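Here's the structure we're looking at; comments come further down.
There are 2 protein chains.
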Amino acid sequence: MLDYKLLAALAAVVEQGGFERAAQALALSQSAVSQRVKLLEARVGAPVLVRASPPRATPAGQRLLNHVQQVRLLERDLRSELPIMDEDHAVPRLRIAINADSLATWWAEAIGSLCRDEHLLLDLLVDDQDVGLRRMRAGEVAGCVCSSAEPVAGARSVRLGVMRYVAVASPGFVHGELQGGADCARLVRVPAIVFGPDDQLQHRFLAALGMTGDFAHHLCPSSDGFVRMLRAGVGWGMVPALQIADQLASGELVELVPECSVEVPLYWHYWRHGGGLLERLTQQLTAQASHLLS
Amino acid sequence: MLDYKLLAALAAVVEQGGFERAAQALALSQSAVSQRVKLLEARVGAPVLVRASPPRATPAGQRLLNHVQQVRLLERDLRSELPIMDEDHAVPRLRIAINADSLATWWAEAIGSLCRDEHLLLDLLVDDQDVGLRRMRAGEVAGCVCSSAEPVAGARSVRLGVMRYVAVASPGFVHGELQGGADCARLVRVPAIVFGPDDQLQHRFLAALGMTGDFAHHLCPSSDGFVRMLRAGVGWGMVPALQIADQLASGELVELVPECSVEVPLYWHYWRHGGGLLERLTQQLTAQASHLLS
């Protein structure tokens with residue numbers, strides 16, 4: 001069998017983002033971690049890490065991490081049947097990549113009871129979908145929530161539902177900047193709020209209304225901060241209807257064009273041979289998402 | 001004078017995170033942007049960019065960006081007096097690095113009116129404080145909100161106030177996992193929720209209660225997601241009191257040890273010769289923070 005001490009060292013360096021933290025997590029000296037990674041490289045006959053800050057796995061390292069991720073899931077099943085301790089006494093946990101808006105809305109409600117029942121700990125990584133799927137491919141995560149349907153090799157994807165984004169602003173913004181009207185041509189002349197450079201929701205919404213081209217916008221890469229910027233009347237923006245049900249009901253935010261929304265499908269990606277825990281997580285997610293998402 | 005076309009190309013590549021997006025933002029071809037950066041390097045006699053993905057400024061490039069940032073702020077003042085258009089028709093904007101919890105709480109309320117009055121657009125970057133200050137030093141941002149008091153060369157820092165973090169959980173979690181008591185020794189045996197590997201708030205809280213060592217925890221790098229995980233009864237965690245006033249009032253979340261909180265000071269860092277807009281932003285922030293923060 002492979003020497004899993006060496007593989008665990010590699011995984012810790014990548015997951016903890018450095019040799020020093022990996023050493024802490026494994027309760028080893030930093031030079032011991034470094035030696036284990038070097039020994040692994042000698043056995044593989046190729047570098048497994050790019051020594052950057054933070055260190056990244058090489059393609060060879062990624063194949064190894066992919067394997068570690070799956071072995072961990074299988075170990076988790078074993079432990080539920082036999083009281084075996086990890087050699088490194090590490091608490092078993094699942095790493096999952098998830099898009100920011102899912103984490104800010106339906107995720108906790110969907111997985112809360114499973115975490116309690118299974119004594120499951122989660123390492124959540126907030127990533128846009130390209131990064132999330134790249135992490136899946138590299139074996140850095142056990143699962144991934146994103147809007148792409150295409151599974152990576154060795155994994156499955158299942159549709160969770162649709163996140164509906166609506167265009168909203170504060171009543172003050174609507175009266176002041178948009179002069180009270182749903183005159184959409186005005187929308188491109190007042191500031192929008194955009195999550196980040198990859199956020200195309202506002203562009204898609206405007207395109208659906210027949211408007212193209214650039215528009216002035218703030219960048220605000222925080223789901224909560226985004227809604228607060230909207231409430232402060234700084235601009236208009238697209239938000240999951242799920243996230244602002246209260247603010248829409250209270251009139252703190254108003255929908256700009258109720259007949260037009262942008263729908264983003266969501267998929268759960270998970271390893272095909274990931275063991276019983278991952279199967280149960282998948283069942284729970286699909287069941288809960290059918291209530292929580294449209 | 002310097003050739004600001006070249007400097008603008010450099011700034012766009014770093015700010016947009018790549019040559020292709022920089023070209024879009026400047027309405028140039030990608031090869032034109034690439035040529036401008038090369039010409040700049042010929043004039044400087046040193047590389048200004050590390051061609052990685054995303055591209056990073058070299059130390060020489062950082063000094064240039066630092067300069068561009070300050071020139072932009074001065075231009076902004078000029079434009080408020082004279083109707084001069086940017087040569088590249090870019091909308092003037094301020095890039096600001098800010099910690100996630102500030103953006104999720106007091107920030108929007110503090111700057112909302114200034115954004116409207118000054119027609120100011122913000123590019124917000126969510127960073128922990130080391131990264132935020134590094135961006136300041138590199139001239140990538142005009143200002144930074146973080147918990148470090150020490151200004152970088154050429155900048156000033158001003159104290160905004162204190163963010164008070166309280167330990168909370170759902171009533172169900174308190175009854176089920178903590179057996180209804182404020183028995184703190186139990187806290188280290190039930191799951192905590194931690195924002196990310198750099199989040200030491202839970203450790204500091206436990207240390208203040210006389211407990212040290214490791215504890216089981218979820219990682220959840222989203223301010224909103226964090227509160228939702230708490231509400232779903234997945235664990236306990238430290239949250240800005242400011243962020244959960246409603247949930248504490250409604251009893252949806254309860255404070256675990258009301259006599260013990262963790263206080264984190266917040267500072268605003270800004271360029272000393274950043275011009276009138278940055279001065280007014282600084283005045284607004286300090287005035288508003290004195291109401292919003294304790």
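Protein sequence lines, in the order shown, are assigned to chains A and B. So the first sequence is residues 1 to 294, counted in the UniProt record's numbering. So the second sequence is residues 1 to 294, counted in the UniProt record's numbering. C-beta: ideal position from N, C-alpha, C; glycine also. Predicted model only: the values in this text are computed from it and were never measured.
Self-check item: Entirely enclosed beta strand (DSSP E) segments - the stretch 101 to 157 of chain B, minimum 3 residues
Solution: 121 to 126, 143 to 146
Practice problem: For D123 of chain B, return the contacting residues in chain C, with the cut-off set at a CB-CB distance below 8 Å. | Solution: Absent here is chain C; the protein component of the structure consists of chains A and B.
Self-check item: Residue-chain proximity (S222 of chain B, chain A), Cβ-Cβ < 8 Å
Solution: yes
Quiz prompt | Residues from the stretch 91 to 114 of chain A in contact with chain B, defined by Cβ distance under 7 Å | solution = The stretch 91 to 114 of chain A vs chain B, Cβ under 7 Å: V91, A100, L103, A104, W107, A108, E109, G112.
Quiz prompt | The alpha helix (DSSP H) enclosing E263 of chain B, as first and last residue numbers | solution = Boundaries around E263 of chain B are those of the beta strand (DSSP E), 261 to 271, since no alpha helix (DSSP H) includes it.
Quiz item: With 8 Å set as the bound, which would you pick, yes or no: does the beta-carbon of R116 of chain B sit closer than that to a beta-carbon of chain A?
Solution: yes
Quiz item: Whole-angstrom Cβ separation of A142 of chain A and Q69 of chain A, contact assumed at under 8 Å?
Solution: 6 Å
Quiz item: How about A232 of chain A: is its C-beta nearer than 8 Å to some C-beta of chain B?
Solution: yes
Self-check item: Where L201 of chain A sits in the DSSP three-state scheme
Solution: helix
Quiz item: Whose Cβ in chain A lies nearer than 7 Å to the Cβ of V126 of chain B?
Solution: Result: P221, S222.
Quiz item: Can you name the residues of chain B whose CB is closer than 9 Å to the CB of G17 of chain A?
Solution: P197
Quiz prompt | Residue environment, M85 of chain A, which counts as buried when at least 16 other CB atoms sit within 10 Å | solution = Confidence at M85 of chain A is low in this model, with a pLDDT of 45, below 50, so the placement of that residue is unreliable and no value is reported for it.
Quiz prompt | For A97 of chain B, the first and last residue of its enclosing alpha helix (DSSP H) | solution = Unbroken run through A97 of chain B is the beta strand (DSSP E), 93 to 98; no alpha helix (DSSP H).
Practice problem: Compare the Cα-Cα distances from P240 of chain A to each of A:V14, A:W106, A:V234, A:Y4 and report the closest residue. | Solution: P240 of chain A has its Cα closest to that of A:W106, out of A:V14, A:W106, A:V234, A:Y4.
Quiz item: Should R36 of chain B and A9 of chain B be called a contact, given that it needs their Cβ atoms to be closer than 8 Å?
Solution: yes
Quiz item: Could you give the distance in angstroms between the alpha-carbon of Y165 of chain A and the alpha-carbon of D101 of chain A?
Solution: Across the structure, Y165 of chain A and D101 of chain A are spaced so that their CA atoms are roughly 10 Å apart.
Quiz prompt | Start-to-end residues for the alpha helix (DSSP H) that takes in V13 of chain A | solution = 4 to 16
Exercise. Give a yes or no on whether 8 Å exceeds the smallest Cβ distance from G132 of chain B to chain A.
Key: no
Quiz item: Given that M229 of chain B touches chain A, what residues does it touch there, using C-beta distances under 7 Å?
Solution: A108
Quiz item: Thinking C-beta only, is V194 of chain A closer than 8 Å to H218 of chain A?
Solution: yes
Quiz item: If you pair each beta-carbon of the stretch 133 to 148 of chain A with each one of the stretch 266 to 276 of chain A, do three or more pairs fall below 8 Å?
Solution: Touching, yes.
Self-check item: CB contact below 8 Å: P191 of chain B versus chain A
Solution: yes
Practice problem: Could you list which residues in chain A have their beta carbon closer than 8 Å to that of G61 of chain B, in chain order? | Solution: Result: empty, since nearest Cβ-Cβ is about 18 Å, beyond 8 Å.
Quiz item: Does the stretch 115 to 130 of chain A touch the stretch 40 to 60 of chain A, meaning 3 or more C-beta pairs lie closer than 8 Å?
Solution: no
Exercise. Can you tell me which of the three DSSP states R51 of chain A falls into?
Key: coil
Quiz item: What's the gap between the Cα of L65 of chain A and the Cα of R135 of chain A?
Solution: 10 Å
Quiz item: Applying a beta-carbon distance threshold of less than 9 Å, which residues of chain A neighbour R21 of chain B?
Solution: P197
Quiz prompt | Per-residue burial, P171 of chain B [other beta carbons within 10 Å of its own, 16 or more giving buried] | solution = exposed
Quiz item: Below 8 Å between beta carbons: does that hold for V126 of chain A and L103 of chain A?
Solution: yes
Quiz item: Who does H175 of chain A pair with in a DSSP beta bridge?
Solution: DSSP lists no partner for H175 of chain A.
Quiz item: Taking 8 Å as the CB-CB cut-off, is G225 of chain B touching chain A?
Solution: yes
Quiz prompt | Presumed contact (8 Å Cβ cut-off) between C260 of chain A and A192 of chain A, rounded CB distance | solution = Actually they do not touch by this definition, with Cβ atoms about 15 Å apart.
Quiz prompt | N- and C-terminal bounds of the alpha helix (DSSP H) containing M229 of chain B | solution = 223 to 231
Quiz item: Alpha carbon to alpha carbon, what distance is there between V71 of chain B and G275 of chain B?
Solution: 9 Å
Quiz item: In chain order, what residues of the same chain have a beta carbon less than 6 Å from the beta carbon of Q200 of chain A, not counting five sequence neighbours either side?
Solution: none
Quiz item: Hey, quick one: how far does the beta strand (DSSP E) through A192 of chain B stretch, first residue to last?
Solution: 192 to 194
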